[in-house]
Amino acid sequence: MEKNFAQGGTNMKNLVIVESPSKSKTIGKYLGKDYTVISSKGHIRDLATRGKEGLGVDVENDFAPTYEISKDKKETVKELRAEAAKAKRVYLATDPDREGEAISWHLAQELGLDEDAIDRVTFHEITKNAVQEAFQSPRAIDMDLVHSQETRRILDRIIGFKLSKLLHNKIRSKSAGRVQSVALKLVVEREKEIQAFVPEEYWTLDAKFNKDKIDFSASLAKINGKKAELKTQQEAQKAYDACQGNFIVSNIKSTTRKREARPPFITSTLQQEASTKLSFSAKRTMSIAQRLYEGVDVGNGQEGLITYMRTDSTRLSDVYVNGARELIQNEYGKQYLGTYHVSNDANSQDAHEAIRPTSLANTPEKLKAHLTSEQYKLYALIYARALSSLMSAAKYDSLTLTLSQNGYDFTASGSTMKFDGYLKVYGEYESGKDVVLPSFEEQEQIAAKELKANQHFTEPPARYTEAKLIKALE
31 MEKNFAQGGT
41 NMKNLVIVES
51 PSKSKTIGKY
61 LGKDYTVISS
71 KGHIRDLATR
81 GKEGLGVDVE
91 NDFAPTYEIS
101 KDKKETVKEL
111 RAEAAKAKRV
121 YLATDPDREG
131 EAISWHLAQE
141 LGLDEDAIDR
151 VTFHEITKNA
161 VQEAFQSPRA
171 IDMDLVHSQE
181 TRRILDRIIG
191 FKLSKLLHNK
201 IRSKSAGRVQ
211 SVALKLVVER
221 EKEIQAFVPE
231 EYWTLDAKFN
241 KDKIDFSASL
251 AKINGKKAEL
261 KTQQEAQKAY
271 DACQGNFIVS
281 NIKSTTRKRE
291 ARPPFITSTL
301 QQEASTKLSF
311 SAKRTMSIAQ
321 RLYEGVDVGN
331 GQEGLITYMR
341 TDSTRLSDVY
351 VNGARELIQN
361 EYGKQYLGTY
371 HVSNDANSQD
381 AHEAIRPTSL
391 ANTPEKLKAH
401 LTSEQYKLYA
411 LIYARALSSL
421 MSAAKYDSLT
431 LTLSQNGYDF
441 TASGSTMKFD
451 GYLKVYGEYE
461 SGKDVVLPSF
471 EEQEQIAAKE
481 LKANQHFTEP
491 PARYTEAKLI
501 KALE
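Numbering follows my numbering, in which position 413 of the sequence shown is assigned residue number 443; successive positions increment by one, without gaps.
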């Protein structure tokens, strides 16, 4: 069905419903005067709180749900009905995931739209081409996705209502839920591990050397060919006393290792990396990403800057991959081109893309003046990660020295970058420091500048950070 995005031949306009006011502003700019774009401001209906146990779910009748319009959405629904009644056609353009599909279905139900008249449009980035292309090929509502969301919501209600009431009565806890209760279980189990932990004493023996004005350190690794384990001060003293002479370089091992680029962000990895590198909470990260997706004024009106941020796919569009590969070759050289791999994750819900910039031309520096500090930091991270995922591996020359004396083997490890690869772009977030070792010949002798035994105690497992808890829940 051919759609016209500029000229109209009737006074009736097409109605487009999205769930966010800022998203409506961006989309309206791309569709033209024949389209009225308004927002539902999120979900308009939810499970009722009346009936048996206030669940809104008939557990004795195949878990049939009962819905009602949310109290704070009654005026919104009234306005939507009025607009739909005078519209030439209604397009439901909510987000391309389970929640978005469910919102569209609830809208269709409340607005009384005929099944044949429903035009569901989805796009994974809010750009002119993506939006107009989506409106050229509307589809029906995907009831499989709707039922998936409905099942989750019913589980949330049953688990949340019943457990929350129980917990409130027992321990005055605020609430429970399908996800938060699992997270709480992980946190409690970790805390029990910490409380039950009994520290154990152990010792290490470390030597410091200097050759050719290069300082380096080595640590005791083996005793008579077996892994070194010094559990007491007496054992440490024995090892210390045995290593007072010159050390012999008994083995030199050189290798070249690769450090592969990591895939572009999905929702969970974006939250983890933003927490670790930018000190953003998961909630803050998603709030900033939502704004970047829905549109920011970059000097010529609202523009969506990243693809949809709720995704479990590492796939990148052919258009982006081809453009990125051209940019990498032109900017850095052919040797920086990597191989594009897509993870076939069975848990991925559909053909969503990874989180990436919508335009390679929109470099972080170009947009910096138009973004808040937090928006700029997150956008720069997303831009660098997506681009670097298509670049070649970083390469390192690694050197391991074994320095021996009386059956005690110490090891020193060094690594120098041979080729920066993807770190040319992502190095700000991930690069490490070179550790340089001097040149040696096997059987060469060297005296330690310092030999020191250090007492330690084993430590309990660390409490979860937000980033690590998100990873554990994946």
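Glycine is no exception: its CB is placed at the ideal position from the N, C-alpha and C atoms.
Keep in mind that this is a model prediction, so the values were computed, not measured.
Around the beta carbon of His-486, fewer than 16 other beta carbons lie within 10 angstroms, which makes this residue exposed. Looking at the DSSP output, Ala-94 sits in a beta bridge with Asp-88. Taking the Cβ atoms as the reference, Phe-295 lies roughly 46 Å from Ala-478, outside the contact range of under 8 Å. Glu-460 is the residue among Glu-404, Gly-84 and Glu-460 whose C-alpha sits nearest the C-alpha of Ala-414. Secondary structure at Lys-479: coil, using DSSP grouped into helix, strand and coil.
With fewer than 16 other beta carbons inside 10 angstroms of its own, Ala-391 counts as exposed.
Nearest to Met-42 by alpha-carbon distance, out of Glu-471, Lys-313, Ala-115 and Ile-156, is Ala-115. The DSSP-derived three-state label of Ile-156 is coil. Here Thr-286 has Lys-425, Tyr-426, Asp-427, Ser-428 and Lys-448 as same chain residues with Cβ atoms under 8 Å from its own Cβ, once five neighbours each way along the sequence are excluded. Nearest Cα to Glu-324 within the set Thr-157, Leu-77 and Ala-138: Thr-157. Taking 9 Å as the cut-off, the Cβ atoms of Leu-45 and Val-151 do not count as close.
Boundaries of the alpha helix (DSSP H) harbouring Thr-306: 297 to 308, taken from the DSSP string. Following the DSSP letters along the chain, one finds Gln-435 inside the beta strand (DSSP E) bounded by residues 424 to 435.
Contact annotation: Thr-388 and Glu-333 have beta-carbon atoms nearer than 9 Å. Taking the CA atoms as reference points, Leu-193 sits about 19 Å from Glu-219.
Looking at the DSSP output, Ser-284 sits in a beta bridge with Leu-429. In the structure shown, Lys-252 adopts extended strand secondary structure according to DSSP, grouped into three states.
Annotation: the continuous beta strand (DSSP E) that includes Leu-122 extends over 120 to 122. Secondary structure at Gln-320: helix, using DSSP grouped into helix, strand and coil.
Listed as beta-bridge partners of Glu-113 by DSSP are no residues whatsoever.
By the beta-carbon neighbour count (other beta carbons within 10 angstroms, threshold 16), Glu-356 is exposed. Inter-residue distance for Gly-142 and Val-107 is about 12 Å (C-alpha atoms, whole angstroms). Residue environment analysis places Leu-503 among the exposed positions, since fewer than 16 neighbouring C-beta atoms fall within 10 angstroms of its C-beta. If you compare the alpha carbons of Glu-489, Gln-365 and Asp-92 with that of Tyr-452, the shortest gap goes to Gln-365.
Arg-386 and Ala-416 do touch by the CB rule: their CB atoms are close to 4 Å apart, below 8 Å. Here Arg-493 carries a coil assignment [DSSP, helix/strand/coil]. Close CB contacts of Gly-72 within its chain, under the 6 Å cut and outside five residues either way in sequence, are with Glu-49 (chain order).
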